[in-house]
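These notes concern the structure reproduced below.
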Amino acid sequence: MSLKKWKKTQLLDLANKLDVHVSQSSTKAKIADVIDEYLKELEKPLDLVEYPELAAYYEESAANTDEDEISDLNEDTEGLKERLKAKVQDTAEAVADVVSNAVTSITSNETKVESDIDDENEDEDSLINGELPEGTPLQNWFSKLDFQRITPAEGSFAFKFNEFLQDVPNKTLKANESVQDALSTIPAVDAIFLAIEAYVYVARNHLEFSTERPFIAITSGWQEVGALTSFWAVWSVLIPTFVSYYVNFIRYDLPEVSIDPMVFHITKALLALLLTQWKPSFADEAAYAVKDVSGSVSEYETAAHWFRYALTEWKLQLGLLPFILAFAGSALCLYVL
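Just so you know, the sequence shown maps onto residues 23 to 359 in the numbering used here.
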C-alpha cells in the first residue's frame with residue numbers, strides 16, 4: 023500500500039515512531055515522500071513485528087522490484103538482438119570493402135603496367151629523334167620555371183619595393199617636421215646654448231672623448247673639473263633660474279610656465295658682463311701658494327683658490343660668449359613672446 027494513500031495523522035504517527043523530522047504544516051504528499059526516502063535509504067527492511075503497519079508497503083515495494091527486473095531483462099534481450107544485427111551488418115560491409123579493394127588494386131596494377139609500357143615506348147622514340155628523356159643529368163642544367171604564372175606577393179609579410187620607395191620621402195618629411203617641432207621652442211634653444219658653454223668651458227680642454235671604453239677620460243685633475251663644473255652651474259644656470267622664477271612677468275598670462283625666459287636671459291647676460299669685469303687677486307693667489315707649501319692653508323682659502331681658478335678659466339675660455347648667447351636668447355624671446 024503506497025504511503026500517499028495513508029491519512030496525514032497516520033503519516034505523522036509513523037514519522038514520530040521512526041524519529042523522522044517532518045513539519046506539522048507540511049502536506050500529506052511531502053510527508054509521505056520524506057518517509058519513503060528514509061525507508062529506501064535503510065540497509066534492510068524494518069522488523070514487521072515492531073512496525074506491522076509497513077507490511078503492505080514492503081509487499082508493494084517487492085512487487086515493483088520484480089516488475090522492474092522483468093522489464094530490464096526484456097530491454098537487455100532487445101538490446102542484445104540489436105547488437106547482433108549491427109555486428110552482422112558490419113561484417114557484411116567489411117567483406118564487401120575487401121572485395122572492392124581487391125578488384126580496384128588488380129585494375130590499377132594493369133593500368134600501371136600499360137602506362138609503364140607506353141612510357142618506355144615514348145623514351146625510345148625520343149632517343150631515336152635525338153631528344154633526351156626527362157630527369158637526365160643534362161636536362162638538370164636547364165630551368166623550367168614559368169615566371170608568367172607567378173603572381174605578385176600579397177599579404178602582411180610581402181616586400182613591396184615600390185611602396186617602400188614611396189614611404190622614404192614621407193617618413194623623411196615626418197622626421198624633418200619632428201625635428202623642427204623639437205627645436206622650435208625656447209627651452210630647446212636654451213639647452214643648445216648651455217651645451218655650447220659647457221663644451222667650451224669644461225669639456226674641450228679637460229675631457230677627452232673616444233669610441234672605446236672608457237668613452238670619456240679626464241685629462242686634468244678631478245678638482246679642476248669639479249671647480250669648473252660647479253662655477254659654471256652656479257653662474258650660468260642656478261642663479262638665472264632662481265631670479266627668473268621669482269621675477270616672473272608672464273605667470274598670469276602663461277601659468278604653466280614657471281620660469282620667465284626673458285628674465286632668465288637678461289640675468290644671464292648681466293652676470294656674464296660682471297664676470298668679465300671681475301678680476302681675481304694675484305696677491306691672494308700667491309699667499310695661498312705659500313701657505314699650501316707650508317701646509318697651513320684653511321678650507322676658506324682653498325675654496326677661494328678654486329674660485330679664482332674657475333674665474334680665470336671663464337675669462338680665458340668663454341670671454342663674451344655667454345653674453346652673446348644670452349643676448350641672442352633675449353632677442354628670441356622678444357620674437358616669440
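Here a beta-carbon is modelled for each residue, glycine too, at the ideal position from N, C-alpha and C.
Since residue i sits in a beta bridge, which residues does DSSP pair it with?
| i | result |
| --- | --- |
| leucine 216 | According to DSSP, which records beta bridges pairwise, leucine 216 is partnered with nothing at all. |
| phenylalanine 231 | Ile238 |
Could you check whether the Cβ of residue i sits closer than 7 Å to any Cβ belonging to chain C?
| i | result |
| --- | --- |
| lysine 196 | Of the protein chains in the structure, only one exists, and it is not chain C. |
Would residue i be called buried (16 or more neighbouring beta carbons within 10 Å of its own) or exposed?
| i | result |
| --- | --- |
| leucine 276 | exposed |
| glycine 152 | Any reading at glycine 152 must be qualified, since the residue scores a pLDDT of 49, below 50, and its modelled position is unreliable; no value is offered. |
| glutamate 335 | buried |
| leucine 61 | buried |
| aspartate 212 | buried |
| tyrosine 322 | exposed |
| valine 315 | exposed |
| lysine 27 | exposed |
| alanine 291 | buried |
| arginine 235 | exposed |
| valine 44 | buried |
| leucine 149 | Its pLDDT being 47, under 50, leucine 149 is placed unreliably in this model, and the coordinates cannot settle the point. |
| isoleucine 208 | buried |
| tyrosine 221 | exposed |
Using the C-alpha atoms, what's the distance from residue j back to residue i?
| i | j | result |
| --- | --- | --- |
| lysine 313 | serine 352 | 45 Å |
| valine 3 | isoleucine 272 | Since the first and last residues shown for the chain are 23 and 359, residue 3 lies out of range. |
| alanine 239 | glutamate 246 | 14 Å |
| glutamate 81 | glutamine 111 | 46 Å |
| alanine 210 | alanine 305 | 43 Å |
| phenylalanine 237 | glycine 341 | 29 Å |
| isoleucine 218 | glutamine 339 | 12 Å |
| phenylalanine 345 | threonine 263 | 16 Å |
| tryptophan 257 | leucine 343 | 14 Å |
| leucine 40 | leucine 68 | 10 Å |
| tyrosine 268 | valine 285 | 10 Å |
| glutamine 32 | lysine 52 | 14 Å |
| threonine 194 | proline 302 | 52 Å |
| aspartate 189 | alanine 204 | 22 Å |
| valine 266 | serine 206 | The identity of residue 266 in the sequence shown is serine, whereas the question assumes valine. When rounded, the distance between both Cα atoms is 21 Å. |
| tyrosine 310 | valine 319 | 7 Å |
| valine 201 | proline 191 | 15 Å |
| phenylalanine 231 | tyrosine 274 | 45 Å |
| serine 48 | glutamate 104 | 48 Å |
| lysine 30 | glutamate 59 | 17 Å |
| cysteine 355 | leucine 229 | 33 Å |
| threonine 233 | asparagine 270 | 44 Å |
| glutamate 63 | valine 42 | 13 Å |
| tryptophan 328 | alanine 249 | 6 Å |
Helix, strand or coil for residue i, going by three-state DSSP, please let me know.
| i | result |
| --- | --- |
| isoleucine 57 | helix |
| tryptophan 300 | coil |
| glutamine 46 | coil |
| glutamate 335 | helix |
| glycine 317 | coil |
| glycine 248 | helix |
| lysine 39 | helix |
| isoleucine 281 | coil |
| glycine 152 | Only weak support exists for where glycine 152 lies, its pLDDT of 49 falling under 50; the value from the coordinates is given anyway. DSSP places glycine 152 in coil when its eight states are reduced to three. |
| leucine 25 | helix |
| arginine 273 | coil |
| glutamate 65 | coil |
| tyrosine 357 | helix |
| glycine 351 | helix |
| serine 206 | coil |
| glutamate 75 | helix |
| serine 266 | helix |
| leucine 34 | helix |
| leucine 70 | coil |
| leucine 342 | coil |
Nearest CA to the CA of residue i: which residue from the options?
| i | options | result |
| --- | --- | --- |
| alanine 332 | Thr31, Glu321, Thr298, Glu81 | Thr298 |
| leucine 293 | Ala325, Ala348, Glu307 | Ala348 |
| serine 227 | Ala78, Thr241, Leu64 | The question names serine, but residue 227 in the sequence shown is asparagine. Of the listed residues, the one whose Cα sits closest to asparagine 227 is Thr241. |
| isoleucine 57 | Ser48, Glu72, Ser45, Ala37 | Ala37 |
| leucine 216 | Ala255, Arg235, Thr233 | Ala255 |
| phenylalanine 253 | Arg330, Leu359, Tyr79, Lys50 | Arg330 |
| glutamate 307 | Leu296, Leu295, Ala325 | Ala325 |
| phenylalanine 66 | Ser83, Val42, Thr233, Ile281 | Note that residue 66 is lysine in the sequence shown, not phenylalanine. The option with the nearest alpha carbon to lysine 66 is Ser83. |
| glutamate 75 | Gly243, Asp35, Leu296 | Asp35 |
| tyrosine 357 | Gly243, Pro283, Ala225, Leu296 | Pro283 |
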